[in-house]
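Everything below concerns the one structure shown next.
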Amino acid sequence: MRLFCYMIYAFLVGNGPHEAFQYGSTFTTNALCGSYTDLCIKHLSFKLAKRGCNVGVCNHRGLGGISVSSDRFYNAGWTEDLRKIINYLHEKHPQAPLFVVGTSIGANIVVKYLGEEGENKPIAGAASICSLWDLVVCQDMQRFINRTFVQRLYSRIITIGLQGYASLRQPVYARLADWEGIQKSRSVRDVDQYATCLVGNFETVDTYYRHCSSASFVENVLPPLLCISALDDPLCTKEAIPWDECRCGALNEVCMPQT
């Protein structure tokens with residue numbers, strides 16, 4: 001994580017004056033079921049703050065101790081909350097450069113947002129850490145997510161986390177989704193079938209995955225973008241990484257370490 005913090009800082013500063021970074025703002029978006037309490041978010045925020053940046057964290061709806069006040073929940077491609085936060089900060093501090101860092105699902109959301117916005121965005125630079133890129137490939141039960149014991153373990157842990165998230169909001173999910181199906185889910189794909197698709201009005205799980213995958217948006221990203229993905233990531237197979245699309249941007253940098 002220390003190396004990643006240094007790489008992110010060096011990349012963002014390298015694409016703008018150091019003084020601009022010091023007086024600008026950086027905010028992060030989290031992994032699935034993650035919030036500002038995650039150790040990686042705390043570490044990243046601390047390291048960036050030490051270098052003079054104003055740091056904020058964008059919690060997903062219903063996480064980080066925040067209650068849900070509507071029938072709208074976050075998903076892997078929900079960019080509206082991020083868009084509202086960015087626009088709010090830009091209105092409050094129009095002269096300050098904004099940098100955004102996303103991890104895992106948060107990285108997918110960041111890249112998708114940047115691709116959707118094109119030139120219409122106030123972002124000076126961004127970093128994507130361990131994005132899932134292509135959700136159809138990553139959640140392929142036969143070819144990838146069940147390939148090894150570690151991957152099956154990760155999938156089960158995340159599934160339990162999603163079920164816990166839903167349990168805290170049972171009245172809403174019982175009304176909008178298939179509560180019995182959520183309880184019986186054995187994989188992330190199951191939860192997406194019985195909860196995410198129904199709440200988000202997606203016809204099928206694969207429709208949801210195709211609609212929300214950042215791989216379809218990365219070639220439209222215009223701000224400087226640092227992409228960091230591990231070749232042996234247990235959740236995002238290297239087959240899901242859009243190599244050519246990531247490199248097509250003149251200001252994009254791609255880092256693919258193997259742990």
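The sequence shown begins at 1 in UniProt numbering and counts up by one. All residues carry an ideal CB built from backbone N, CA and C; glycine is no exception. The structure presented is a predicted model; accordingly, all values stated were derived computationally and were not measured.
Asked                                                                                                                                                          : Found
For LEU226 and VAL110, I'd like the C-alpha separation in whole angstroms.                                                                                     : 11 Å
Using the three-state DSSP reduction, which class does ASN54 fall into: helix, strand or coil?                                                                 : strand
PHE144 to HIS93, Cα distance in whole Å?                                                                                                                       : 44 Å
Taking the alpha-carbon positions, what's the ILE228 to SER128 distance?                                                                                       : 6 Å
For PHE73, tell me which candidate among ARG147, TYR209, LEU198 has the shortest Cα-Cα distance.                                                               : LEU198
Compare the Cα-Cα distances from VAL136 to each of THR204, GLU219, ASP232 and report the closest residue.                                                      : THR204
What ranges does the beta strand (DSSP E) occupy inside the stretch 57-141, keeping only unbroken runs of at least 3 residues that lie completely in it?       : 98-103, 123-129
Any chance the stretch 177-191 sits against the stretch 98-110, with 3 or more Cβ pairs inside 8 Å?                                                            : no
Let me check one thing: in DSSP terms, what residues is ILE157 bridge-paired to?                                                                               : In DSSP, ILE157 forms no bridge with anything.
Since I believe LEU176 is in contact with ASP71 (beta carbons under 8 Å), could you give me their beta-carbon distance rounded to a whole number of angstroms? : 6 Å
Taking the alpha carbon of GLU116 as the reference point, which residue from LEU89, ARG83, LEU153, ASP134 has its own alpha carbon closest?                    : ARG83
Assign PRO171 to one of two classes, buried (16 or more other C-beta atoms within 10 Å of its C-beta) or exposed (fewer than that).                            : exposed
DSSP three-state call for ARG210: helix, strand or coil?                                                                                                       : helix
Compute the Euclidean distance between the alpha carbons of LYS184 and GLY161, then round it to the nearest angstrom.                                          : 13 Å
Just tell me which of ASP244, ALA230, GLU219, GLU245 has its CA closest to the CA of GLY118.                                                                   : GLU219
Buried or exposed: which applies to PHE149, given that a residue is buried once 16 or more other Cβ atoms fall within 10 Å of its Cβ?                          : exposed
What does the alpha-carbon distance come out to for the pair residue 262 and LEU168?                                                                           : Limits of the chain in this structure are 1 at one end and 259 at the other, which puts residue 262 out of reach.
For GLY181, which residues in the same chain have their Cβ closer than 6 Å to its Cβ, ignoring the five residues on either side in sequence?                   : TYR194
Express the C-alpha separation of ASP134 and SER155 in angstroms, rounding to a whole number.                                                                  : 16 Å
Pick helix, strand or coil for ILE182, following the three-state DSSP scheme.                                                                                  : helix
CA-CA distance, TYR208 and VAL57?                                                                                                                              : 26 Å
For PHE217, count neighbouring Cβ atoms within 10 angstroms of its own Cβ and tell me buried if that reaches 16, exposed if not.                               : buried
What distance in whole Å lies between the Cβ atoms of CYS236 and GLY77, which are believed to be in contact at a cut-off of 8 Å?                               : 15 Å between Cβ atoms; not a contact.
Report the rounded CA-to-CA distance for ALA96 versus CYS53, giving the unit in angstroms.                                                                     : 11 Å
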